Amino acid sequence: MSVFAVILGVIVGFAGYVIQIVPLLGLFISELIFLLARTYRIELAERRSLRILFSKHVSPEILGEILKRRNEIKTGGERRFVTVVFADVRDFTRFAEEHEPEQVLFRINQLLGRMTAIILRNGGLVNKFLGDGLMAVFGFPVWKEEMFANAFAACREMLSAEEALAGKENGVGDRVGVRIGDGVGVGIAWGIVIAGIVGNQERQEYTVMGAPVNLASRLEKLAGPGEIVFSFEPGQTDRVIPFGEESYTLEQVHIKGMKQPITVGRIKGRG
163 MSVFAVILGV IVGFAGYVIQ IVPLLGLFIS ELIFLLARTY RIELAERRSL
213 RILFSKHVSP EILGEILKRR NEIKTGGERR FVTVVFADVR DFTRFAEEHE
263 PEQVLFRINQ LLGRMTAIIL RNGGLVNKFL GDGLMAVFGF PVWKEEMFAN
313 AFAACREMLS AEEALAGKEN GVGDRVGVRI GDGVGVGIAW GIVIAGIVGN
363 QERQEYTVMG APVNLASRLE KLAGPGEIVF SFEPGQTDRV IPFGEESYTL
413 EQVHIKGMKQ PITVGRIKGR G
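Next up, the structure:
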């Protein structure tokens, strides 16, 4: 056999091998492109879903953090450490009974809008509106130590939100001429909650539930006009209320659902 014949045989054999490989390689590339496109579509859908869930409840900065950490957020349910805030207008019923519906809605929307801005500015999430009040969460999507201080700062600012609106020189506030209720009362608690999406395909919302949520709600009921009532834990409270800058009183209270009385702190926002 000549050298030429051997070389020709090798070339023909290699060509046959290549001819068999090319379809397989094309199939592999097509499958890879399909998987990449599918992954991209899923990622876009996840980002869109998170935007719909959170865009109206958090600041743009927090929304960006949520999207960046979307793989860490288990919307199906997870445990998280957060600070929970409930705020409510005191004696709002009397105001609603004495004024026209349009005036009532205009003023309460003004107030809730102002309170929402305060919460977002301090890094919180407005979880839900509750008629003449709201529930907020601090520490999502990631807990940071300053969230304690941020929550208290937002609450102190919310105490004066209604007074600021009552003093406005323009709008419906002039025609009403009185305050919305008797001021804002606030309850704060913190701890481990269960967080995730509740609802169905027609309506969904991200929410938190658990003992801290129930406690914050009950503490808000104990707060008088212009007051903050919070669960007292010396090791943590020292970091959120610097001594000498904020005066508060301690008291023992019985909370529904708890066997033993607990210690709470009470901050008076105005005399």
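Quick note: the sequence shown uses our numbering, first residue 163, plus one each step. Every residue, glycine too, gets a C-beta built ideally from N, C-alpha and C. Predicted, not measured: the structure shown is a model, and the values here were computed from it.
Backbone secondary structure at residue i - three-state DSSP
i	result
Glu-389	strand
Lys-421	coil
Glu-395	coil
Lys-236	coil
Phe-349	Correcting the residue identity first, residue 349 is Gly in this sequence and not Phe. In the structure shown, Gly-349 sits in a strand (DSSP, three-state: E or B).
Gly-226	helix
Sheet register partners of residue i (DSSP bridge)
i	result
Glu-193	For Glu-193, which the question treats as bridged, DSSP gives no partner whatsoever.
Gly-427	Phe-392 and Leu-412
Arg-241	Ile-356
The beta strand (DSSP E) enclosing residue i, as first and last residue numbers
i	result
Asn-289	286–291
Glu-413	411–415
Nearest candidate by alpha-carbon position, reference residue i, set the options
i	options	result
Phe-291	Leu-225, Val-304 and Arg-276	Arg-276
Ala-373	Arg-428, Lys-383, Ile-354 and Glu-367	Ile-354
Gln-414	Leu-384, Glu-389, Gly-388 and Lys-430	Leu-384
Met-320	Arg-380, Met-297, Gln-422 and Val-244	Met-297
Arg-380	Ser-409, Ile-350 and Pro-396	Ile-350
Thr-278	Phe-268, Gln-422, Gly-295 and Glu-262	Gly-295
Arg-428	Gly-419, His-416, Gly-388 and Lys-421	Gly-388
Limits of the unbroken alpha helix (DSSP H) element including residue i
i	result
Asn-362	No alpha helix (DSSP H) contains Asn-362, which DSSP labels as neither H nor E.
Ser-379	373–384
What residue ranges within the region 249–308 form continuous alpha helix (DSSP H) runs of no fewer than 4 residues, ordered along the chain? The region 249–308 contains these whole alpha helix (DSSP H) runs: 254–260 and 263–283.
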